[in-house]
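Below you'll find the structure, written out as structure tokens, and then a few comments.
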Amino acid sequence: MDLLISADSLVKTYMLGKTEVPALRGLTIGIDYGEFTVISGPSGSGKTTLLNLLGLLDSPTTGSVLLEGSEIKYDGLSNLHNIRLEKLGYIFQTFNLIPVLTAYENIEYPLLLTKKSSSMRKQLVEKMLREVKLWEFRRHKPNELSGGQRQRVAIARALVNSPRIVLADEPTANIDSVTASEVLDLMRSLNEEEKVTFLFSTHDPQVLRYARRIVKIHDGMLVNGQLK
Amino acid sequence: MIKFMKLAMKNVFRNRRRTIITGLVLVFGATALILAGGFIAFTFRGLSESTIHGRLGHIQIYNKDFFSKDEEKPLELGLENIQELKHNIMTQSNVRFTMARIEFMGLISNGDKSVAFLGRGVEPEKELKLSDFALDVEQGKFLGETPENKLEAEVILAMGLAKSLKAKIGDYLTLMTTTSNGALNAMDIKVAGIYSTGIPEYDERALMIDLSAAQQLLYTSKVTKLVVVLDETDKTEAVAASIEKLFPDVRAKRWFDLATFYNAVVRLYNSIFGFLGFIIFVIVVLSSSNTMMMSIFERTKEIGTQLAVGTSRARLLINFLYEGLIIGVLGALIGLLTAFVLATIINNAGVTMPAPPGSTRGYPLLIDHVFAVYIGVFILITMTTVVSTVIPALKASRLIIVDALGHI
Numbered sequence: 001m002d003l004l005i006s007a008d009s010l011v012k013t014y015m016l017g018k019t020e021v022p023a024l025r026g027l028t029i030g031i032d033y034g035e036f037t038v039i040s041g042p043s044g045s046g047k048t049t050l051l052n053l054l055g056l057l058d059s060p061t062t063g064s065v066l067l068e069g070s071e072i073k074y075d076g077l078s079n080l081h082n083i084r085l086e087k088l089g090y091i092f093q094t095f096n097l098i099p100v101l102t103a104y105e106n107i108e109y110p111l112l113l114t115k116k117s118s119s120m121r122k123q124l125v126e127k128m129l130r131e132v133k134l135w136e137f138r139r140h141k142p143n144e145l146s147g148g149q150r151q152r153v154a155i156a157r158a159l160v161n162s163p164r165i166v167l168a169d170e171p172t173a174n175i176d177s178v179t180a181s182e183v184l185d186l187m188r189s190l191n192e193e194e195k196v197t198f199l200f201s202t203h204d205p206q207v208l209r210y211a212r213r214i215v216k217i218h219d220g221m222l223v224n225g226q227l228k
Numbered sequence: 229m230i231k232f233m234k235l236a237m238k239n240v241f242r243n244r245r246r247t248i249i250t251g252l253v254l255v256f257g258a259t260a261l262i263l264a265g266g267f268i269a270f271t272f273r274g275l276s277e278s279t280i281h282g283r284l285g286h287i288q289i290y291n292k293d294f295f296s297k298d299e300e301k302p303l304e305l306g307l308e309n310i311q312e313l314k315h316n317i318m319t320q321s322n323v324r325f326t327m328a329r330i331e332f333m334g335l336i337s338n339g340d341k342s343v344a345f346l347g348r349g350v351e352p353e354k355e356l357k358l359s360d361f362a363l364d365v366e367q368g369k370f371l372g373e374t375p376e377n378k379l380e381a382e383v384i385l386a387m388g389l390a391k392s393l394k395a396k397i398g399d400y401l402t403l404m405t406t407t408s409n410g411a412l413n414a415m416d417i418k419v420a421g422i423y424s425t426g427i428p429e430y431d432e433r434a435l436m437i438d439l440s441a442a443q444q445l446l447y448t449s450k451v452t453k454l455v456v457v458l459d460e461t462d463k464t465e466a467v468a469a470s471i472e473k474l475f476p477d478v479r480a481k482r483w484f485d486l487a488t489f490y491n492a493v494v495r496l497y498n499s500i501f502g503f504l505g506f507i508i509f510v511i512v513v514l515s516s517s518n519t520m521m522m523s524i525f526e527r528t529k530e531i532g533t534q535l536a537v538g539t540s541r542a543r544l545l546i547n548f549l550y551e552g553l554i555i556g557v558l559g560a561l562i563g564l565l566t567a568f569v570l571a572t573i574i575n576n577a578g579v580t581m582p583a584p585p586g587s588t589r590g591y592p593l594l595i596d597h598v599f600a601v602y603i604g605v606f607i608l609i610t611m612t613t614v615v616s617t618v619i620p621a622l623k624a625s626r627l628i629i630v631d632a633l634g635h636i
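Protein chains in written order, with the numbering used here: chain A, 1 to 228; chain B, 229 to 636.
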């Protein structure tokens with residue numbers, strides 16, 4: 001059976017002025033269904049770059065990404081936005097909620113991009129609000145929510161379309177440790193109960209403790225990717 | 229769509245001060261265009277009506293060769309059988325009345341001084357019907373207003389000509405001209421009135437006498453033209469075409485073909501209005517583009533997020549165009565309302581404009597409420613705002629996701 005997502009010999013080079021800066025140097029990795037995996041490494045090791053490539057937010061200089069066995073094409077003809085919408089969910093370090101929308105509307109936003117009916121959208125959003133324990137805060141805008149509540153809204157938004165995998169870039173970096181535990185507990189329970197696959201990038205030891213698998217990278221190369 | 233429209237509305241009012249400033253530019257632009265358009269419409273209407281009722285009538289009927297050949301003698305190319313022609317034209321719908329005119333020239337003398345004149349033989353009662361508001365008799369009376377005056381030939385002189393001849397009401401002057409068969413003829417004539425044409429150059433030379441007196445002086449039964457007055461100016465083209473079809477021996481000149489001053493004013497005002505419109509278009513484009521650029525700059529990270537969660541670039545583009553549309557519609561609507569209120573205030577204020585070049589009389593400042601101008605300005609302002617949003621919106625929709633997400 002195909003892996004959920006895999007990358008083969010990924011190379012990503014950025015240009016800093018006229019200087020080439022390698023971020024990934026031929027990295028190969030595979031993530032299976034149901035994993036709760038952390039990509040770990042020091043700053044500048046290429047964690048975010050790897051997450052961006054696996055999340056189809058960026059294209060590799062060379063190498064390939066396969067999602068459910070199909071190679072991703074970056075030719076502009078492929079509807080990458082549809083793949084992002086239907087199969088991938090994202091959680092960002094700074095929550096990245098739309099400030100003019102309420103918690104409810106932020107969670108509903110990805111559903112507006114689909115052809116789901118308003119009643120279906122309502123049902124899904126209300127389910128997510130309850131799951132992330134934010135029902136009472138559904139009419140609050142992001143600036144009326146705490147950091148942990150905002151991140152829970154972001155988790156709900158990432159999950160509302162039932163993606164194959166949720167990619168989270170440093171999800172606990174902007175919240176205190178107690179709130180971080182709550183958020184991680186929530187994600188872990190979603191992984192265990194709903195079988196949602198999570199892939200994190202972090203160097204937060206607290207997140208590492210929650211991980212079932214830790215992929216260590218250094219200078220754009222895989223150091224090891226063993227199960228704990 | 230409604231949800232995205234709501235999102236656009238929220239984004240529009242995210243930075244209220246900036247949106248209000250942009251909106252004020254649109255309101256100012258819409259108001260300026262509507263007031264200018266309304267004023268120009270009033271000017272065109274007033275000028276066309278004063279041109280029609282002051283001089284031209286709606287249609288002028290000439291001999292078909294009048295404009296293609298030169299007359300060797302006065303009225304050689306005039307109209308004959310006037311009564312029959314008048315009767316036939318009166319059978320056309322929308323014709324109020326017809327009247328004959330003779331245009332002639334010659335010398336007028338007070339015994340000591342002779343001055344060249346441009347004379348017009350008219351049917352006085354009908355001329356008064358035509359120019360009830362435009363003909364301005366300053367002293368004395370118009371032709372044929374008292375029964376005893378019909379017993380002797382009368383003249384009314386334009387102000388400049390009367391001044392030149394030192395003529396007063398009741399004075400007798402002598403008209404000299406060439407008759408239709410080329411001979412010289414003269415006629416003693418009594419000054420009945422002094423009038424103003426409103427055009428200084430014309431005031432120096434113009435005079436009017438009764439049509440029958442002019443025919444007697446010129447020794448002819450012909451007239452230069454027949455003036456047709458309609459009940460509605462809008463029917464001019466239809467009636468003129470019908471007359472030309474029914475009477476192939478005549479040419480029916482529409483008032484707008486003869487009104488050179490009116491046409492020059494229309495061209496000038498249209499150019500001014502076009503230029504004003506262009507300036508406002510540029511101001512609106514720059515203002516709206518700047519607002520949208522600022523908005524996009526501030527929301528770069530948010531745009532990256534929207535793209536990351538699956539928003540297509542086309543959807544993002546449309547969302548930004550919605551924002552432009554909302555600003556445009558609101559600005560245009562408030563502009564329309566403001567213009568309506570201001571126009572009403574101006575119309576009731578009784579402001580008089582100074583006399584335009586070539587005229588001796590001022591005119592009231594009035595703004596017409598022209599539905600087509602309101603609609604045109606609404607569309608122009610709205611579309612301009614949307615168009616000015618296109619480039620910033622395209623820029624936003626083409627952002628590279630990771631760069632946008634990393635934007636601080």
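Backbone N, C-alpha and C fix where the C-beta goes; we use that ideal spot for every residue, glycine too.
These numbers come from a predicted model, not from an experiment.
- Comparing alpha-carbon positions, the option among Lys-12(A), Val-223(A) and Ile-31(A) lying closest to Thr-48(A) turns out to be Lys-12(A).
- Excluding five sequence positions before and after Thr-407(B), the CB atoms of its chain that fall closer than 6 Å to its own CB belong to Asn-413, Leu-446 and Tyr-447, given in chain order.
- Using a Cβ-Cβ cut-off of 8 Å, Ser-540(B) counts as an interface residue toward chain A, since at least one Cβ of chain A sits closer than that to its own.
- CA-to-CA, the gap between Lys-529(B) and Ile-628(B) works out to about 11 Å.
- Taking a Cβ-Cβ cut-off of 7 Å, the neighbours of Ile-98(A) in chain B comprise Glu-530, given in sequence order.
- Close to Ile-524(B), with beta-carbon spacing below 8 Å, lies no residue of chain A; the smallest spacing is near 14 Å.
- Under the Cβ criterion of 8 Å, Ala-269(B) is not counted among the residues facing chain A.
- Straight-line measurement puts the Cα of His-281(B) at about 51 Å from the Cα of Asn-518(B).
- Taking each of Ala-487(B), Thr-488(B) and Val-456(B) in turn and checking the Cα distance to His-286(B), the smallest one comes out for Val-456(B).
- A contact is defined here as three or more CB-CB pairs under 8 Å, and the region 133–142 of chain A meets this definition with respect to the region 103–113 of chain A.
- Segment contact: the region 537–546 of chain B against the region 567–586 of chain B, fewer than three CB-CB distances shorter than 8 Å; contact not assigned.
- In the three-state reduction of the DSSP assignment, Thr-319(B) falls in the coil class, being assigned neither a helical nor a strand state.
- Nearest Cα to Gly-532(B) within the set Ala-624(B), Asn-291(B), Ser-276(B) and Glu-351(B): Ala-624(B).
- For Glu-366(B), the enclosing beta strand (DSSP E) begins and ends at 364–368.
- In the DSSP assignment, Ser-424(B) falls within the unbroken beta strand (DSSP E) covering 412–424.
- Under DSSP, the beta-bridge partners assigned to Lys-453(B) are Arg-329(B).
- No Cβ-Cβ contact shorter than 8 Å links Val-579(B) with Leu-261(B).
- Look at the region 540–569 of chain B: the residues with a C-beta under 8 Å from a C-beta of chain A are Ser-540, Arg-541 and Arg-543.
- Secondary structure note for Lys-473(B): its alpha helix (DSSP H) is the uninterrupted segment 464–474.
- Here Thr-114(A) carries a coil assignment [DSSP, helix/strand/coil].
- A direct Cα-to-Cα measurement between Lys-231(B) and Gly-89(A) gives close to 21 Å.
- Residue pairing for Asp-169(A): DSSP places it in a beta bridge opposite Ser-201(A).
- In the three-state scheme derived from DSSP, where H, G and I count as helix and E and B as strand, Lys-292(B) is classed as coil.
- Ala-386(B) places its beta carbon 8 Å or farther from that of Ser-359(B).
- Taking every protein chain shown into account, the CB of Pro-592(B) has fewer than 16 other CB atoms within 10 angstroms, so this residue is exposed.
- Between Asn-82(A) and chain B, the shortest Cβ-Cβ separation is below 8 Å.
- Beyond the five residues adjoining it in sequence on each side, Lys-297(B) comes within less than 7 Å, by CB distance, of Leu-305 in the same chain, given in chain order.
- Asp-477(B) counts as exposed, since fewer than 16 other beta carbons sit within 10 angstroms of its beta carbon.
- Here Ile-98(A) carries a coil assignment [DSSP, helix/strand/coil].
- Interface criterion not met: the Cβ of Asn-576(B) is under 8 Å from no Cβ in chain A.
- Residue environment analysis places Met-520(B) among the buried positions, since at least 16 neighbouring C-beta atoms fall within 10 angstroms of its C-beta.
- The beta carbon of Leu-159(A) does not come within 8 Å of any beta carbon belonging to chain B, so the residue lies off that interface.
- Only those residues of the region 160–180 of chain A whose C-beta falls short of 8 Å from the nearest C-beta of chain B are listed: Asn-161.
- Along the length of the region 27–69 of chain A, whole beta strand (DSSP E) runs at least 3 residues long occupy 36–40 and 62–67, reported in chain order.
- Per DSSP, His-218(A) is one residue of the beta strand (DSSP E) stretching across 213–218.
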